[in-house]
Structure formats: C-alpha cells, structure tokens
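The sequence shown finishes on residue 466 if you use the UniProt record's numbering, and the numbering steps up by one all the way, no holes. For every residue, glycine included, the Cβ atom is placed at its ideal position computed from N, Cα and C. Bear in mind the structure is a predicted one, so any value in this text is a computation, not a measurement. Shown next, in structure tokens, is the structure this report addresses.
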Amino acid sequence: MPETSDVLKQLQELGFRHGRYQSKFRTRHEPKTRRTNRIRRGLPWESLFMRKSRVEKREIILRPWEYPMAAQNLSVVLIQKRVRGILCRMRSGTKMPSTTAPTTKPAQIRSPMQQFVASGGNFSDERGFRSFVATKVQSWFRMERLRWRGTLERYPVYHIAALQLQYAWKAYYQHKLYQCQARTRSALTPANQAALCVQNGWKSYTQRRIFRYYRDLLTFRSTGDPSRMLRAINPSEASLLDASMGAQVRFRLGGLAFPPTIYYKIFTRKPVCDLGAFSPKNYTVARQTGPVNHSHGKRPGQVRTSYIRVGNSYYRARQQAEDTRLWYRRLENNGWRPVTAKVLAEANADPIAQATSDRAVNTFHYSKLVRQQDRERARRRKKRLWMQKLYTQGLLTATGHPEQDQDQDQEDQNEKQPSVLFDVDFDDENWESEAEEMFQWASALDYDEYVDNWHELGRTAATGDL
1 MPETSDVLKQ
11 LQELGFRHGR
21 YQSKFRTRHE
31 PKTRRTNRIR
41 RGLPWESLFM
51 RKSRVEKREI
61 ILRPWEYPMA
71 AQNLSVVLIQ
81 KRVRGILCRM
91 RSGTKMPSTT
101 APTTKPAQIR
111 SPMQQFVASG
121 GNFSDERGFR
131 SFVATKVQSW
141 FRMERLRWRG
151 TLERYPVYHI
161 AALQLQYAWK
171 AYYQHKLYQC
181 QARTRSALTP
191 ANQAALCVQN
201 GWKSYTQRRI
211 FRYYRDLLTF
221 RSTGDPSRML
231 RAINPSEASL
241 LDASMGAQVR
251 FRLGGLAFPP
261 TIYYKIFTRK
271 PVCDLGAFSP
281 KNYTVARQTG
291 PVNHSHGKRP
301 GQVRTSYIRV
311 GNSYYRARQQ
321 AEDTRLWYRR
331 LENNGWRPVT
341 AKVLAEANAD
351 PIAQATSDRA
361 VNTFHYSKLV
371 RQQDRERARR
381 RKKRLWMQKL
391 YTQGLLTATG
401 HPEQDQDQDQ
411 EDQNEKQPSV
421 LFDVDFDDEN
431 WESEAEEMFQ
441 WASALDYDEY
451 VDNWHELGRT
461 AATGDL
C-alpha cells in the first residue's frame, strides 16, 4: 500500500507539473488575466478544456486535426450548452411564477408614444409624433439593411446563388412565355404584337452586346503570363508551370446555353518526359501474357504486313500483333475546363469538360518522322471534312421558303431542287456579277490561314518566352 500511494502521488505531481490535471486550487504557470490567451503550440494538452477562453475553444474546434478528441468533446459540450440555454429560456417564458420565490416584474415594452414623450416630446404634438415614428422606422430599416449587407459580404456564395436563381428563373419564364405565345399567337392584339416585336429586338440587341463583351475578352494573341492568369483560375496548377516545358494557356467560348462560358486548356510546346507515352505496359504484373497466336486462335486483324528496309531494297514481313490487353488505357485528362466558381459546382461536372478529358490518347510512335506524318495526315483529313461541310451544307441546301411550300403540291415538294443559301436575286439584271463576287469570296477561303488565326487567338505567351 505505501508503494502504491507513493506511485499515485508521483503521477499526480507529474500531472500537475505538465498541466494534465489542473484545478482552480492549483497555481497555473501563467497569471490569470481578463484578456483571452491564444493556444501555444507545442505545450502539453490540458484535459480540462472547458476552463479555456473563448478564443482557445474556437481554435480547437476550427482545427480538429490537432486535438481530435478534444475538438469533438468540446463541440458536443458547447452544442448541449446552447440547447439547454434555449430550452430554459423557452420554459421560463411559459412557466408560471411560484408562490415561494419572489416575483419579479417583467420588463415592460414602452409604446411609441411613451418613447416619444420620454425623449422630450409633447403628447399633443401629433405632427412631431409622426416624424418621430417615421425616423424610428427608417433607422430600423437601415440597421436591418446594413446587417444583411454585412452578411452578404461575409459569404460570397449568396451572390453566386442569386445569379444562378436569376438565370434559372429567366429561362423558366421565357419557356412559359414561348408556350403562351405559341398557343395564342393569332389572338394577340396589334399592341401586344408590337410589344413582342420590341421585346425581341431589345433581347437580340442585349445578347449581341453580351457576346461582343465575351468575344473582346479573348482578342489577345501570344501575350500575357500564363502562370499569372492561371493563378486566378486554378492556383494549384499554376505552381506546376515551369519555364522548361513551354506551357501555354488557350481560352475559348463554349457551352450549351447563353451567355457562353469561357473554357481554358493548358498546352505544352516542349517535350515532357512521360514513360507511359512510349511504353504503356503494365510493369506491376509479374508475368506478362504470351503471344496472341499461342493462347488464342487466329482472328482477323491480328497479323499485319510490314516492310523492312535493307539497303535500297524493301522486304515484306508478316508480324504478329502485340497483345495490348494489359496495357494502360491512356486518357488525356487535360480537357477544356470552364472558368467558373467551384462553390456551387465542380469544374469537372461540366459536360464539355468531361467529354474532352475522357478522350483517349492516340498511340505514341518513337520516330519523330512518323509522328509528323501522322499529324499531317490528320490535318489533311480535318481540312477535307471542313471543305466538304462548307460546300455541301453551307453553299447548297435543300430547304425552301415556307410560302412556296404552302402553294406547291406534294409532288412538287418531292422534286424540290437545292437552292443557293446566299441572297442572290436572279431576276435582277446584274445577278451574274453578284454571283461572280460570291463565288470569288468562297474560293478565296484559306483553310490554313483560318487554322493559324484560330490557334493564335486567345492564347497566352509561353512560359519560356517571358
């Protein structure tokens, strides 16, 4: 027993010395003051956290990773404390006063007239009383407005939520208005039809101004620091841009609704070391699968013919296709991401960002000459599709005027010939000159110049050029 009591006494002294079991009868290391003391990092933790100041409690709750159990227990105790206070106040408001306890008169609320008289007014001064009441109401309204404004400034999410609600309400109201107009278009009065024309004209004007504003934002060409621009959009990736990689940021307009959304994408001009680019095998597997012809039967597309050059001669060789079932499935993961706030929705939730980031990366050939040939082949294919779409869908269309469709029979509609989309009046005497100018304009379209202009537009300077 004496040994046990000595051990307990030593543990108690050790706890008092290191601040584990402090009490109000024990002298603390720091003198008590009326000011709140902040938590000192590195000191032993005191188990009696309820004796701490309000600032210390707030820091413990805001930093739960430092003292997780203390933060959890302290938050539970504070919540219970607030709930008990609310319940006690609610119970005291409905509880009848006991006969034993001395009754205290509740604080009486003075009427506006009593306040007016107490402030030096006269009971018979009706005009002064009205001005006094108006002043009180105005001061109360200003106080509430300032309080609400301070709340809005403290939390910027309210502004973003208000914009989203306004956009949703405008879209819903426009949809309902279009439905109402489609049903009662013929029943509208001339005044209502004129009002609709004015509204449509004003709407088209405002939308053009909005589009011009967004378009003018992206008129720069190879100017601006990409790290500085990206720091305002995505600070986590701005620190990864290095001068040796020659990174550039391009901005484009896109989206599925109006007004358009600004998208950005990071491009690299200099080579970046990537092992999976030219060797996407799965090196974590201890045993790779054997050749395809040994484990499976022959299937079409597995045997390919290649040519081997020996001197000035070429020899044809049949090679077995390599098994790529265990290879990495490479995704780009660098699509067009929207320049938007991440408070309401993540940037990766955008449909365009998902479609562009999940695009599979083409096979990377080790030869630079082959890569250049692949790029040239892809460029020619894109140019061919662009010209085909221009001359088949842009110049010639099979759509006619609705007035002519009503007059023609069904047989004439089936035999309808494609009409030129451009407005050329063939009844005019000078229609040949107009058509010649139109064809000269169409033939002067330069796809290469268009692509170069498109790549330079809205592009920042490279990190190595600054």
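Beta-carbon proximity list for residue i, same chain, < 6 angstroms, skipping 5 on both sides
i, result
"residue 27", "A caution first: residue 27 carries a pLDDT of 45, below 50, which makes its placement in the model unreliable, though a value can still be read off. So no residue of the chain qualifies."
"residue 136", "none"
"residue 477", "Not covered by the structure: residue 477. The range shown for the chain is 1 to 466."
Three-state secondary structure assigned by DSSP to residue i
i, result
"residue 170", "helix"
"residue 459", "strand"
"residue 338", "strand"
"residue 383", "helix"
"residue 85", "helix"
"residue 213", "helix"
"residue 74", "helix"
"residue 252", "strand"
"residue 9", "helix"
"residue 243", "helix"
"residue 264", "strand"
"residue 410", "Low confidence applies to residue 410: its pLDDT is 48, below 50, so where it sits in the model is not reliable, and the reading given next is rough at best. Three-state DSSP puts residue 410 in a helix."
"residue 353", "helix"
"residue 124", "coil"
"residue 195", "helix"
"residue 313", "strand"
"residue 468", "Given a span of 1 to 466 for the chain in the structure shown, any question on residue 468 remains unanswerable."
"residue 109", "coil"
"residue 269", "coil"
"residue 221", "strand"
Same chain only: Cβ atoms within 8 angstroms of residue i, ignoring 5 sequence neighbours per side
i, result
"residue 260", "211, 214, 253 and 254"
"residue 129", "112, 113, 116 and 121"
"residue 401", "Since pLDDT at residue 401 reaches only 47, below the 50 mark, its modelled position is unreliable, and the value read off the structure follows with that caveat. Nothing listed; no residue qualifies."
Alpha-carbon spacing of residue i relative to residue j, whole angstroms
i, j, result
"residue 166", "residue 356", "29 angstroms"
"residue 124", "residue 139", "24 angstroms"
"residue 159", "residue 151", "11 angstroms"
"residue 445", "residue 386", "11 angstroms"
"residue 434", "residue 440", "10 angstroms"
"residue 390", "residue 452", "18 angstroms"
"residue 205", "residue 221", "28 angstroms"
"residue 86", "residue 54", "20 angstroms"
"residue 63", "residue 149", "29 angstroms"
"residue 110", "residue 145", "24 angstroms"
"residue 415", "residue 437", "Any reading at residue 415 is ruled out, since the residue's pLDDT is 47, under 50, leaving its predicted position unreliable."
"residue 72", "residue 202", "58 angstroms"
"residue 312", "residue 450", "41 angstroms"
"residue 174", "residue 168", "10 angstroms"
"residue 162", "residue 176", "21 angstroms"
"residue 68", "residue 76", "12 angstroms"
"residue 455", "residue 379", "13 angstroms"
"residue 189", "residue 179", "17 angstroms"
"residue 224", "residue 270", "19 angstroms"
"residue 431", "residue 196", "36 angstroms"
"residue 171", "residue 164", "11 angstroms"
"residue 333", "residue 58", "40 angstroms"
"residue 465", "residue 243", "8 angstroms"
"residue 473", "residue 9", "Only positions 1 to 466 of the chain appear in the structure, and residue 473 is not among them; the question remains open."
"residue 147", "residue 90", "26 angstroms"
"residue 118", "residue 134", "17 angstroms"
C-beta contact flag for residue i and residue j at 8 angstroms
i, j, result
"residue 263", "residue 249", "no"
"residue 120", "residue 132", "no"
"residue 247", "residue 233", "no"
"residue 235", "residue 463", "no"
"residue 218", "residue 251", "yes"
"residue 78", "residue 60", "no"
"residue 335", "residue 360", "no"
"residue 338", "residue 256", "no"
"residue 207", "residue 258", "yes"
"residue 467", "residue 383", "The displayed coordinates of the chain run from 1 to 466. Any statement about residue 467 would go beyond what the structure contains."
Contacting residues, own chain, Cβ-Cβ under 7 angstroms from residue i (five flanking each side not counted)
i, result
"residue 268", "245, 246 and 247"
"residue 209", "none"
"residue 191", "none"
Any non-hydrogen atom of the ligand FMN within 7 angstroms of residue i CB
i, result
"residue 236", "Among the components of this structure there are no ligands whatsoever, and the ligand FMN is therefore not found."
Are at least three pairs of beta-carbons, each pair with one atom in the region 441-459 and one in the region 236-245, less than 8 angstroms apart?
No, the region 441-459 is not in contact with the region 236-245.
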